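Trainee: In numbering that gives the first Met the number 0, the protein residues as written are 0 to 445.
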Amino acid sequence: MVNADRVPGVRQGRAFVLLGGVQATLVFTLTALVVPLPLIGSEFGLERADLILLSAAYGLTFAGLLLFGGRLADRYGGRRVLTAGLALFAAASAAAPLTPGIGTLLGTRFAQGAGAALIAPAAMAVLRAVFPSPDAYGRAMATWGGLSVIGATAGNLLSGVISALLSWRWAFAVPLVVALAALALAPRLLPETPPNRHRALDVPGALLATGGITFVSYGLVVTESRPWSSAGVLVPLLGGTVLLVAFLCAERRARDPLLPRRFLLDRRRALALTAVALSACGTGLTFVVLSLHFQQVRDWSPLQTSAAFVPFAVALITSGRAAGPLVGRHGAGAVTAAGLGTGAAGLALLALTGFHADVPYAYGPLPGLVLLPAGAAAAFAGAAVLATEDVPPEQAGFAGSVLNTAMEFGPTVLLAVLLALGSDVRSLAGAAAALALTALLNLRTK
Numbered sequence: 000m001v002n003a004d005r006v007p008g009v010r011q012g013r014a015f016v017l018l019g020g021v022q023a024t025l026v027f028t029l030t031a032l033v034v035p036l037p038l039i040g041s042e043f044g045l046e047r048a049d050l051i052l053l054s055a056a057y058g059l060t061f062a063g064l065l066l067f068g069g070r071l072a073d074r075y076g077g078r079r080v081l082t083a084g085l086a087l088f089a090a091a092s093a094a095a096p097l098t099p100g101i102g103t104l105l106g107t108r109f110a111q112g113a114g115a116a117l118i119a120p121a122a123m124a125v126l127r128a129v130f131p132s133p134d135a136y137g138r139a140m141a142t143w144g145g146l147s148v149i150g151a152t153a154g155n156l157l158s159g160v161i162s163a164l165l166s167w168r169w170a171f172a173v174p175l176v177v178a179l180a181a182l183a184l185a186p187r188l189l190p191e192t193p194p195n196r197h198r199a200l201d202v203p204g205a206l207l208a209t210g211g212i213t214f215v216s217y218g219l220v221v222t223e224s225r226p227w228s229s230a231g232v233l234v235p236l237l238g239g240t241v242l243l244v245a246f247l248c249a250e251r252r253a254r255d256p257l258l259p260r261r262f263l264l265d266r267r268r269a270l271a272l273t274a275v276a277l278s279a280c281g282t283g284l285t286f287v288v289l290s291l292h293f294q295q296v297r298d299w300s301p302l303q304t305s306a307a308f309v310p311f312a313v314a315l316i317t318s319g320r321a322a323g324p325l326v327g328r329h330g331a332g333a334v335t336a337a338g339l340g341t342g343a344a345g346l347a348l349l350a351l352t353g354f355h356a357d358v359p360y361a362y363g364p365l366p367g368l369v370l371l372p373a374g375a376a377a378a379f380a381g382a383a384v385l386a387t388e389d390v391p392p393e394q395a396g397f398a399g400s401v402l403n404t405a406m407e408f409g410p411t412v413l414l415a416v417l418l419a420l421g422s423d424v425r426s427l428a429g430a431a432a433a434l435a436l437t438a439l440l441n442l443r444t445k
């Protein structure tokens, strides 16, 4: 473990800003193409299915490789794996705006996701070394939990502005600049994290988990453009399910399993991961559906669409800043439950009034766009603390990979299920609100 005196207070703050900026950028990159998707489709002559795959490409490799990325961070040291991930992420971000067609653009998005899968768990491993004290680490995680949704909001806001003023290709400048800055500053600001060579890599488990998560995610994503009974949906879904079952069987026999069962058997941790998945699903659902609603139903420009999410960003930042002290004062469980309840109320308002074209913005989408992010930021903050408390420092990368997997893979599953159950966007938002309230009740009964 890194001693506290190796990371003095000023350096701790700078290290947190660096790592937090990188984490927010990873999710910024996830959402950076949501608003300009119609522009990309027009430029490349893409069908709806191509746009869906392009939107999901980054998240597929990100979610699929996270567990293995966490094991690499624990085995070889967080800073070393973080540097490798940043180099890959920067290279892909530099190549993305130069792509002449959809094929190469998809390739760069897959490569960005692979780099992000190394960066995210490694950053949390380094964060654990920066804050060796459990209390200090808990306070840091309370703030860390809201960074992802801030990154997602920034991606939606800035991508619309950049696309309107310049080109969607310039959206890749943000991840490129952040990755290059982090590569330059990491040796000076971030402590070395010792490798744990005794941890096995569990390559068979990594291959099964990566393949299973990727195929299932892809199968669920394409349900928006293909019927559930089609081969394009059933083959990846069934194949991915078989791989995930094989992964669970292999993990039972593994000497050092990639996903220890005892980590998920803790009820509070399992509920915290559920809260993360639900919050990410709610905000992701809102971004995607409302972006399309504003542009296709209300006929707004990308710049107007981004402006509509400004109150969302303000509520998110305000709630995120308040969440850390509230966790310290009232406990992570109470803050998570309150956040889920507030977010569910925001989704319910959106379901009732947010998608009526004849209702003014101030009375329709706006109330939900304030309540949802306020609740999501609080839920993320509390759940991040619950999901990582009592985790030994040598497993910090693993904990980060599980937390980020819930954030990336969870919404993919939930959105597909909600799309299957609901007939329109209002029923989807209502179903998501009901799921959030169910998790809230389960958390409060603990």
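Ideal placement from N, C-alpha and C gives every residue a C-beta, glycine not left out.
The structure displayed is predicted, hence computed values, not measured ones.
Kindly indicate which three-state DSSP category V390 falls into: helix, strand or coil?
Mentor: V390: coil per DSSP, three-state reduction.
Trainee: Taking the alpha-carbon positions, what's the R10 to A185 distance?
Mentor: So the alpha carbons of these two residues sit roughly 12 Å apart.
Trainee: Can you tell me whether L165 is buried or exposed, with buried defined as 16 or more other CB within 10 angstroms of its CB?
Mentor: Its Cβ having fewer than 16 others within 10 Å, L165 is exposed.
Trainee: For a quick check, are the C-beta atoms of G396 and M140 less than 8 Å apart?
Mentor: Cβ distance not < 8 Å, so G396 and M140 don't count as in contact.
Trainee: L242 and L207 - do their beta-carbons sit closer together than 8 Å?
Mentor: Yes, the pair counts as a contact, with Cβ atoms nearer than the cut-off.
Trainee: Under a three-way DSSP split, which group does V401 fall into?
Mentor: Note: V401 maps to helix in three-state DSSP.
Trainee: Whole angstroms is fine: what's the gap from A276's alpha carbon to F61's?
Mentor: Between A276 and F61, the C-alpha separation is close to 15 Å.
Trainee: Under 8 Å, do A333 and A376 count as touching if we go by C-beta distance?
Mentor: No, Cβ-Cβ distance for A333 and A376 is not below 8 Å.
Trainee: Would DSSP call E46 helix, strand or coil?
Mentor: The answer is coil: DSSP assigns E46 none of H, G, I, E or B.
Trainee: How big is the Cα-Cα spacing for A383 and L117?
Mentor: Straight-line Cα distance between these residues: approximately 19 Å.
Trainee: Excluding the 5 residues preceding and the 5 following A245 in the sequence, name in chain order all residues of the same chain whose CB lies nearer than 7 Å to its CB.
Mentor: So the qualifying residues of the chain are L207.
Trainee: For W143 versus G19, is the C-beta spacing smaller than 8 Å?
Mentor: It is a contact, given that the beta carbons lie within the stated cut-off.
Trainee: Just to confirm, are L65 and A119 a CB contact at a threshold of 8 Å?
Mentor: Yes, the Cβ-Cβ distance between L65 and A119 is below 8 Å.
Trainee: Could you compute how far the alpha carbon of A336 sits from the alpha carbon of A344?
Mentor: About 12 Å.
Trainee: Between the C-alpha atoms of E485 and R168, what's the straight-line distance to the nearest angstrom?
Mentor: The chain is shown from 0 up to 445; residue 485 falls before or after that span and cannot be answered.
Trainee: Taking only three categories from DSSP, how would you classify R138?
Mentor: R138 falls in the helix class under three-state DSSP.
Trainee: For D73, which three-state DSSP category applies?
Mentor: Helix at D73.
Trainee: Quick check: L339 and A378, are their CB atoms within less than 8 Å of each other?
Mentor: A contact, by the Cβ cut-off of 8 Å.
Trainee: Which same chain residues, not among the five before or five after R105, have their C-beta less than 8 Å away from its C-beta?
Mentor: Before going further, note that residue 105 is Leu rather than Arg in the sequence given. Here the set comprises L52, L53, A56.
Trainee: Look at the alpha carbon of A170 and the alpha carbon of S162, and state the distance between them as a whole number of angstroms.
Mentor: Taking the straight line joining both Cα atoms gives about 8 Å.
Trainee: So the alpha helix (DSSP H) L32 belongs to, where does it begin and stop?
Mentor: From DSSP, L32 is part of no alpha helix (DSSP H); its letter is neither H nor E.
Trainee: According to DSSP, is V358 part of a helix, a strand, or is it coil?
Mentor: Coil at V358, not helix or strand.
Trainee: R297 lies in the alpha helix (DSSP H); which residues open and close that run?
Mentor: R297 -> no alpha helix (DSSP H), and no H or E assigned at all.
Trainee: Can you tell me the Cα-Cα spacing of R268 and A83, whole angstroms?
Mentor: Cα to Cα, R268 sits roughly 30 Å from A83.
Trainee: Alpha carbons only, please: which of V313, N403, A386, T304 is nearest the one belonging to L36?
Mentor: Closest option to L36, Cα to Cα, is T304.
Trainee: In whole angstroms, what separates the C-alpha of S278 from that of S132?
Mentor: For S278 and S132, the distance between alpha carbons rounds to 28 Å.
Trainee: Once you ignore the five residues that flank L402 on each side, which residues in its own chain have a CB closer than 8 Å to its CB?
Mentor: Contacts found: M123, L272, V275, A383, A386, T387.
Trainee: For V309, which residues of its own chain have a beta-carbon under 6 Å away from its beta-carbon, when the five flanking residues on both sides are left out?
Mentor: For V309, where only same-chain residues beyond five positions count, there are no Cβ hits under 6 Å.
Trainee: Please name the residue in L32, T209, L87, D265 whose C-alpha comes closest to that of G114.
Mentor: The residue with the shortest Cα to Cα distance from G114 is L87.
Trainee: Which class does G363 belong to by DSSP, given the choice of helix, strand or coil?
Mentor: G363: coil per DSSP, three-state reduction.
Trainee: In three-state terms, what does DSSP make of L233?
Mentor: The answer is helix: DSSP assigns L233 an H, G or I state.
Trainee: In its own chain, which residues sit with a C-beta less than 7 Å from the C-beta of T285, not counting the 5 before and 5 after it?
Mentor: Only L349, L371 meet the Cβ criterion.
Trainee: Roughly how many angstroms separate the alpha carbons of R79 and T152, rounded to a whole number?
Mentor: Straight-line Cα distance between these residues: approximately 29 Å.
Trainee: Return the chain-ordered list of same chain residues with a C-beta closer than 8 Å to the C-beta of G239, the five sequence neighbours on each side being excluded.
Mentor: Once the five neighbours on either side are set aside, the close Cβ partners of G239 are G210, G211, I212, T213, F214, V215, S216, Y217, G218.
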